[in-house]
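Residue numbers (numbering that gives the first Met the number 0), protein chains in the order written: chain R, 0 to 301; chain U, 0 to 301; chain A, 0 to 255; chain P, 0 to 255.
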Amino acid sequence: MANLSVNIGSLRLNNPVLTASGTFGYGEEFAPFIDINRLGGYIIKGTTLNAREGNDYPRMVETPSGMLNAVGLQNKGVDYFIEHIYPRIQVYRSHLIVNVSGANIDDYAETARRLHALDRVSAIEVNISCPNVKEGGMAFGTTTQGAASVTRAVRSAYPDKPLIVKLSPNVTSIADIAKAVEAEGADSVSLINTIMGMSIDVERRRPHLSTITGGLSGPAVRPVAVRMVWQVAKAVKIPVIGLGGIMNGRDAIEFMLAGATAIEIGTANFIDPAVTMKVIDYMEDYCSRHGISDINEIIGCI
Amino acid sequence: MANLSVNIGSLRLNNPVLTASGTFGYGEEFAPFIDINRLGGYIIKGTTLNAREGNDYPRMVETPSGMLNAVGLQNKGVDYFIEHIYPRIQVYRSHLIVNVSGANIDDYAETARRLHALDRVSAIEVNISCPNVKEGGMAFGTTTQGAASVTRAVRSAYPDKPLIVKLSPNVTSIADIAKAVEAEGADSVSLINTIMGMSIDVERRRPHLSTITGGLSGPAVRPVAVRMVWQVAKAVKIPVIGLGGIMNGRDAIEFMLAGATAIEIGTANFIDPAVTMKVIDYMEDYCSRHGISDINEIIGCI
Amino acid sequence: MKQVKDFTIIENLHINDCYSRMTLTPADGAPMPEMKPGQFVQIAVEKPGVFLRRPISINDVDYSSNRLTLLIRKAGKATECLIGMEANQTLNILLPLGNGFSTDAPAGSRLLLIGGGVGVAPLLYLGKELKSKGFNPEFLLGARSAGDLLELEDFRAIGTVHICTEDGSEGIKGFVTAHPALNSPYFRLYCCGPAPMMKAIASIARDKAVDCEVSLENMMACGLGACLCCVEKTVKGNVCVCTEGPVFNIKSLTWN
Amino acid sequence: MKQVKDFTIIENLHINDCYSRMTLTPADGAPMPEMKPGQFVQIAVEKPGVFLRRPISINDVDYSSNRLTLLIRKAGKATECLIGMEANQTLNILLPLGNGFSTDAPAGSRLLLIGGGVGVAPLLYLGKELKSKGFNPEFLLGARSAGDLLELEDFRAIGTVHICTEDGSEGIKGFVTAHPALNSPYFRLYCCGPAPMMKAIASIARDKAVDCEVSLENMMACGLGACLCCVEKTVKGNVCVCTEGPVFNIKSLTWN
Ligand SMILES: Cc1cc2nc3c(=O)[nH]c(=O)nc-3n(C[C@H](O)[C@H](O)[C@H](O)COP(=O)(O)OP(=O)(O)OC[C@H]3O[C@@H](n4cnc5c(N)ncnc54)[C@H](O)[C@@H]3O)c2cc1C
Ligand SMILES: Cc1cc2nc3c(=O)[nH]c(=O)nc-3n(C[C@H](O)[C@H](O)[C@H](O)COP(=O)(O)OP(=O)(O)OC[C@H]3O[C@@H](n4cnc5c(N)ncnc54)[C@H](O)[C@@H]3O)c2cc1C
Ligand SMILES: Cc1cc2nc3c(=O)[nH]c(=O)nc-3n(C[C@H](O)[C@H](O)[C@H](O)COP(=O)(O)O)c2cc1C
Ligand SMILES: Cc1cc2nc3c(=O)[nH]c(=O)nc-3n(C[C@H](O)[C@H](O)[C@H](O)COP(=O)(O)O)c2cc1C
Ligand code: FES
Ligand code: FES
């Protein structure tokens, strides 16, 4: 059988399949459907320094081949995570990656610092790209300076362990942001986060979401995500993690051909909670059908 | 029956329904299916100073709820248009709007100048946002300076007649580009053009398009387009023309609620060549169901 | 244990243009998981324009025949497609989801199950369960008109049924909130229906200090507590309706 | 005149797992527009994951019974869905599209119609038309194996049929390009099939200086000449296959 393991900096994943933050809860929710230990890793909910209630309902609306969400980083804060959730989920042998958000640079750094102590957290993914919070979030992700300064602060608060920075697609040149983040010592970039969108109920003449705008995810965004992964993979030397609309194994391979070393599965978990396992199966099958002995061979090979 | 007529600068449209450039040929192609004279106006193929062969085949691939195209502005040049096509299509009473592209600023200005002489051309739409040509095209549309300089040059070459500038969605802040264009005297902005995307044939391990990347259109992009129209409508005083994924009357009204004074129908023409007529019918019905006597009342009313 | 399973449609009975009652059985013949009244399922609907699964209440369960019954109202594309499906077709279903109604009460308690429109769906299975626990559940069912009263005979087979219709074509004319049955002393009210109706019932329950459970229909994506899209504001803050609900005691809600 | 019309499926004959032959009639009973051999239709397929219409050749037309026949090969989602459809279901069809084959030739001309796989589709109607004009068209049909030879009896009813199969299970073993029939002197070759086959036939025709028309299957969006997606490079530059084709005389193509 082909080698599926890939490296994200010093982090060795058994296979390229990760889960996307905010779409996989804390992993536990999917235990009835999949073998979590079989995942390359799992990225859990966006975590912030302090607890956040998130945005008002309605937070979700379906769109053609996708959905808009405006969850707004609801979570109980990093300390609650460390005390109550971490002890519960560290039983999984798969790599646990925590997604980190913040309203300002200090929050990001402090959250990262507190997570640094946890042995079973294999890496953090810093979300500089959330379109659903008023302060911070996406603002950092849309300028090279903003992206660089968050990365710099987190890097020094979170030394020696793998640091992934998650990029916003809502920019003119995502490759420039990626280069800025690489220059500050990120070990990897993941992309894309959601694309800012909006939907209106024409009968009631008001937006579907309480926040008016929200983040678009799902297969609708896949062509944009693949293009961005391809652009970024050509621009940086660090490994790229690709996501955005991956619904099945074919889509996952598409991202790897475009240049992704690993991939994340997001919205697809809502449609089929067992999709991650099927993607791993497909990768094995794809490699054997194509006579590929090591999946690393196909990364960026188009 | 409600008033459906709207004004784009000095241009009075009988109703807000236009067709999107590159998706409606020269109008004639749709004569078997619709009454072209009933359209608010029709925007025809991208026209350049010199003839262009466009990109190599394959130029199109289907994506979830959308398609990528890489036509690359194939057309026979403005002089051929003036001599051979204009005489034929000027029989339609509906407003004829010519979409103009160029590889450099002089080309844009010269094309606009030659079209200025044509009485039956009611307006031009300047495409500073085509992702499918190597030189020019999108490059102008992604910086405020680029957008401003094209607009300035075209404005002086095309005085006194309605000038619409078509914006690229592939930017961090489309509202800033819109403001730059407004400041240079554009009478209206239309948005969005296609979003740059990419799709890979995983079995053959090569891109589906000859140009690798292409422009995404269709309902997949609608949430992004509605959001951008909403942002731009709040940022400028000139009328906004909304498009991107409009498939039916509901979608058209969604753009108007978001702030569009008129709308364009693009990819939907491929699915149903009679869609434009159905959208006009829907607007009439919507107004009567909602007790709206003038469709202008709903523009930007969310 | 939650699972994703293919089900075969045994019968899809069109009650009228807007409703159908669908009976299903696992395609692989395996016994269905245990389900509680008030829980729901998430159905994958193969239809252009439908992307997410759709949540539908468990209307009835028969373990002996290994059958699940759903009651579906046409609300849009997905439900229209479901109503149009035929016997022998297959549906992929995620189940069972959510918490379910409380079925414990002091022996002999009077319990009123109030349903409006398709909101009666979870009350059939709840009524049967309560009956099997020795209670004599009563029902208060409301609908636009007589033709929208669903599964009336099934409810009558369980207990007393009080009826309201907006047009007066059956039972008392008006909304359920005006029905005299509500003046009787109940131990607990259960309510499922349109939000305004549930809020009105909740307010009556609060006034009378009667225990009251409502079943919410917030928009859902995952149904598993993973996406946090379906939240309702409660005294504990925002909680997921798909896992901590859909049934809530009105005491925990912030309706006022 | 081009039109968009609903058609009712009269029969959908499953030739085997991969092919079906579908007979349709306008749902409104109105007479079908006039169609030429080599023209095609664009079908709207209501299936998740299918967005654009799909181009399918006109396999046969019977004006007296007002019926249109299509031959469909499973290539992906849309064609699979079409093959699975049943009588009485409705399809929305845009038709007729494209230019069609030339059917004029000096009286008594020998004409060879060469088809590979589902590429035989337009040749049936073409053969009938040529026959009705007084020619004796011959056919050279190729397929992977005997089971993939479609509508053989219909072709035989029109004229001589030469056969090649890759596995030798019927006719001569090998590709059509190796068939001895090609050594006969024809006035014109018509060819529809996979691109490599059409290119090989074109090259033979060029060598022998025989007139040759091929029918291309470029990817299409609009089918109306409006989007410029389906272009083929010709001696005149890029032209739309959907309007200036799908049939091209090989003289106008830049194949070499
Ligand atoms: C816990 C729960 C139990 C339910 N039980 C039943 C039942 O037993 N029978 C029944 O007919 N209906 C039930 N519903 C409502 C049903 O889920 C919606 O009517 C259905 O999702 C509408 O889908 P559609 O495509 O037909 O309509 P759409 O065109 O998508 O939308 C019509 C309306 O349905 C609602 N809706 C759409 N998508 C969702 C979603 N993902 N989650 C929740 N609401 C949505 C929205 O309010 C929307 O305005 C239940 C909902 C929930 C949350
Ligand atoms: C003029 C013309 C006539 C044709 N006649 C027939 C016929 O009589 N019978 C028949 O079975 N097939 C015919 N085809 C091919 C048929 O259109 C494709 O097989 C079909 O579109 C595939 O759709 P799908 O969803 O099943 O496959 P997909 O999964 O979409 O794709 C499978 C393959 O089909 C081709 N394809 C996909 N979309 C299109 C499109 N919009 N236009 C053209 N090709 C596409 C691509 O090469 C793709 O790799 C014809 C094509 C053309 C252009
Ligand atoms: C409901 C929801 C919640 C999300 N929450 C987060 C989050 O907390 N942090 C984050 O970085 N991304 C978040 N995302 C973005 C996803 O991780 C992912 O980047 C995006 O959905 C695109 O991938 P997909 O199309 O596969 O879903 C969220 C997405 C959804 C749909
Ligand atoms: C095949 C194709 C060709 C296009 N050509 C042009 C063009 O020449 N000039 C232009 O400004 N936009 C062009 N566009 C963009 C459309 O006008 C429109 O902005 C875009 O498709 C989004 O709208 P839609 O989703 O309704 O199609 C083209 C789009 C398509 C699909
Ligand atoms: S629907 Fe995802 S958390 Fe409830
Ligand atoms: S398919 Fe649109 S021009 Fe041919």
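Even glycine gets a Cβ: it sits at the ideal position worked out from N, Cα and C. As the structure is a computational prediction, the values presented were derived from the model and not from experiment.
Excluding the 5 residues preceding and the 5 following residue 34(R) in the sequence, name in chain order all residues of the same chain whose CB lies nearer than 8 Å to its CB. As a working mapping, residue 34(R) is identified with position 35 in the first sequence. Cβ neighbours of residue 34(R) within its own chain (closer than 8 Å, five residues either side excluded): 276.
In the DSSP assignment, what residue or residues form a beta bridge with residue 25(P)? Counting from one through the fourth sequence, the residue named residue 25(P) turns up at place 26. The partner list for residue 25(P) (beta bridge, DSSP) reads 6(P).
If you check the beta carbons only, do residue 246(A) and residue 100(A) fall under 8 Å apart? Your numbering for residue 246(A) matches position 247 in the third sequence. Your numbering for residue 100(A) matches position 101 in the third sequence. Yes, the Cβ-Cβ distance between residue 246(A) and residue 100(A) is below 8 Å.
So, residue 150(U) versus residue 101(U), is the Cβ gap smaller than 8 Å? Looking up residue 150(U) in the second sequence gives position 151. Looking up residue 101(U) in the second sequence gives position 102. Going by C-beta atoms, residue 150(U) is not nearer than 8 Å to residue 101(U).
Can you name the start and end residues of the alpha helix (DSSP H) that residue 207(R) belongs to? The residue given as residue 207(R) occupies position 208 in the first sequence. Run containing residue 207(R): none; DSSP gives neither H nor E here.
In angstroms with no decimal places, state the Cα-to-Cα distance between residue 30(U) and residue 228(A). As a first step, residue 30(U) must be located in the second sequence, where it is residue number 31. As a first step, residue 228(A) must be located in the third sequence, where it is residue number 229. The alpha-carbon atoms of residue 30(U) and residue 228(A) are separated by roughly 46 Å.
C-beta atoms of residue 244(A) and residue 98(A) nearer than 8 Å: Locating residue 244(A) in the third sequence gives position 245, where the first residue counts as 1. Locating residue 98(A) in the third sequence gives position 99, where the first residue counts as 1. Going by C-beta atoms, residue 244(A) is nearer than 8 Å to residue 98(A).
Can you give me, in chain order, the residues of the stretch 260-287 of chain U that have a beta carbon less than 9 Å from any beta carbon in chain P? 266, 268, 269, 270, 271, 272, 273
Chain-ordered neighbours of residue 96(A) on chain R, where CB pairs are closer than 9 Å: Translated into the one-based positions of the third sequence, residue 96(A) becomes position 97. Here the premise fails: no neighbours, minimum Cβ distance about 11 Å.
Are the C-beta of residue 64(R) and some C-beta of chain U separated by less than 8 Å? Against the first sequence, residue 64(R) aligns to sequence position 65. It does; some Cβ of chain U falls within 8 Å.
Answer yes or no: the CB of residue 220(R) versus the heavy atoms of ligand 3, is any distance below 7 Å? Position 221 of the first sequence, counted from the start, is the residue given in the question as residue 220(R). Answer for residue 220(R): yes, Cβ within range of ligand 3.
Does the beta-carbon of residue 170(P) have 16 or more other beta-carbons within 10 angstroms, so that it is buried, or is it exposed? Taking the fourth sequence and counting its residues from 1, one reaches residue 170(P) at position 171. Buried, by the Cβ-count rule.
Residue 3(P) versus chain U: which residues are under 8 Å apart at the beta carbon? Sequence index remark: in the fourth sequence, residue 3(P) carries index 4 (1-based). By Cβ distance, chain U contributes 32, 271, 272, 273.
Starting from residue 138(P), trace the beta strand (DSSP E) in both directions and tell me its first and last residue. On the fourth sequence, position 139 is the one that residue 138(P) refers to. That run of the beta strand (DSSP E) goes 137-142.
Short of 8 Å Cβ to Cβ, which residues in the stretch 62-76 of chain P face chain A? Going along the stretch 62-76 of chain P in chain order, one finds no residue with a Cβ nearer than 8 Å to chain A.
Would you kindly work out how many angstroms separate the C-alpha atoms of residue 36(A) and residue 216(A), rounded to a whole number? Taking the third sequence and counting its residues from 1, the one referred to as residue 36(A) is at position 37. Taking the third sequence and counting its residues from 1, the one referred to as residue 216(A) is at position 217. Between the C-alpha atoms of residue 36(A) and residue 216(A) there is a straight-line separation of about 15 Å.
Using a Cβ cut-off of 7 Å, pull out every chain P residue sitting near residue 28(U), in sequence order please. By 1-based counting over the second sequence, the position of residue 28(U) is 29. The answer, in chain order, is 223, 224, 225.
DSSP bridge partner residues for residue 247(A) (one or two, in chain order): In the third sequence, counting from the first residue as 1, residue 247(A) sits at position 248. Paired residue(s): 213(A).
Return yes when at least one heavy atom of ligand 6 lies under 7 Å from the C-beta of residue 219(P), else no. Mapped onto the fourth sequence, residue 219(P) falls at position 220. Yes, the beta carbon of residue 219(P) sits closer than 7 Å to at least one heavy atom of ligand 6.
Keeping to the same chain, check which residues put their C-beta closer than 6 Å to that of residue 22(A); ignore five residues upstream and five downstream. The residue labelled residue 22(A) in the question sits at position 23 within the third sequence. Taken in chain order, the residues that qualify are 9, 10, 66, 68.
Please confirm whether any heavy atom of ligand 2 lies closer than 7 Å to the CB of residue 216(P). Here residue 216(P) refers to the residue found at position 217 when the fourth sequence is read from its first residue. Yes, since a heavy atom of ligand 2 falls inside the 7 Å radius drawn around the Cβ of residue 216(P).
Please list the terminal residues of the continuous beta strand (DSSP E) segment that includes residue 189(U). On the second sequence, position 190 is the one that residue 189(U) refers to. From DSSP, the beta strand (DSSP E) with residue 189(U) extends over 187-190.
Neighbouring residues, chain R, relative to residue 50(A) (Cβ below 7 Å): Within the third sequence, numbered from 1, the residue matching residue 50(A) stands at position 51. Here the neighbours are 61, 64, 65, 66, 217.
Counting beta carbon pairs with one atom in the stretch 215-233 of chain U and one in the stretch 214-231 of chain R, are three or more of them shorter than 8 Å? Flag = yes, the stretch 214-231 of chain R and the stretch 215-233 of chain U touch.
Is residue 258(P) close to ligand 6? I mean its beta-carbon at under 7 Å from any heavy atom of the ligand. No information on residue 258(P) is available, as it lies outside the stretch 0 to 255 that chain P covers here.
Residues near residue 197(P) in its chain [Cβ-Cβ closer than 7 Å; skip 5 each side]: As a working note, residue 197(P) is residue 198 in the fourth sequence. Here the set comprises 190, 213.
With a cut-off of 8 Å, do at least 3 Cβ pairs link the stretch 230-238 of chain R to the stretch 162-181 of chain R? As far as the Cβ criterion goes, the stretch 230-238 of chain R touches the stretch 162-181 of chain R, which means the pair count is three or higher.
DSSP bridge partner residues for residue 39(P) (one or two, in chain order): Position 40 of the fourth sequence, counting from 1, holds the residue named residue 39(P). Beta-bridge annotation (DSSP): residue 39(P) is paired with 56(P), 96(P).
Could you tell me the alpha carbon to alpha carbon distance between residue 69(R) and residue 21(R), rounded to whole angstroms? The residue you call residue 69(R) lines up with position 70 of the first sequence. The residue you call residue 21(R) lines up with position 22 of the first sequence. Whole-angstrom Cα-Cα distance: 11 Å.
Please confirm whether residue 104(A) and residue 154(A) have their CB atoms less than 8 Å apart. Your numbering for residue 104(A) matches position 105 in the third sequence. Your numbering for residue 154(A) matches position 155 in the third sequence. Not closer than 8 Å, so no.
Along the stretch 198-229 of chain R, what residues have a CB closer than 7 Å to any CB found in chain U? 198, 199, 201, 204, 205, 206, 212, 215, 218, 219, 221, 222, 223, 225, 226, 229
Looking at the structure shown, is residue 13(R) part of a helix, part of a strand, or coil, going by DSSP? As a working mapping, residue 13(R) is identified with position 14 in the first sequence. Correct three-state label for residue 13(R): coil.
For ligand 2, is there a heavy atom less than 7 Å away from the beta-carbon of residue 79(P)? Translated into positions along the fourth sequence, residue 79(P) becomes position 80. Because some heavy atom of ligand 2 lies under 7 Å away, the Cβ of residue 79(P) counts as near it: yes.
Mind checking who residue 172(P) pairs with in its DSSP beta bridge? Here residue 172(P) refers to the residue found at position 173 of the fourth sequence. Answer by DSSP bridge pairing, in chain order: 164(P).
Thinking just about the alpha-carbon of each residue, which of 174(U), 82(U), 73(U) is nearest to the one in residue 319(P)? A question about residue 319(P) goes unanswered here, because the residues of chain P that appear run from 0 up to 255.
Mind checking residue 215(R): buried by the 16 CB within 10 Å criterion, or exposed? To locate residue 215(R), count along the first sequence from 1; it is residue 216. It is buried - the Cβ of residue 215(R) has at least 16 other Cβ atoms within 10 Å.
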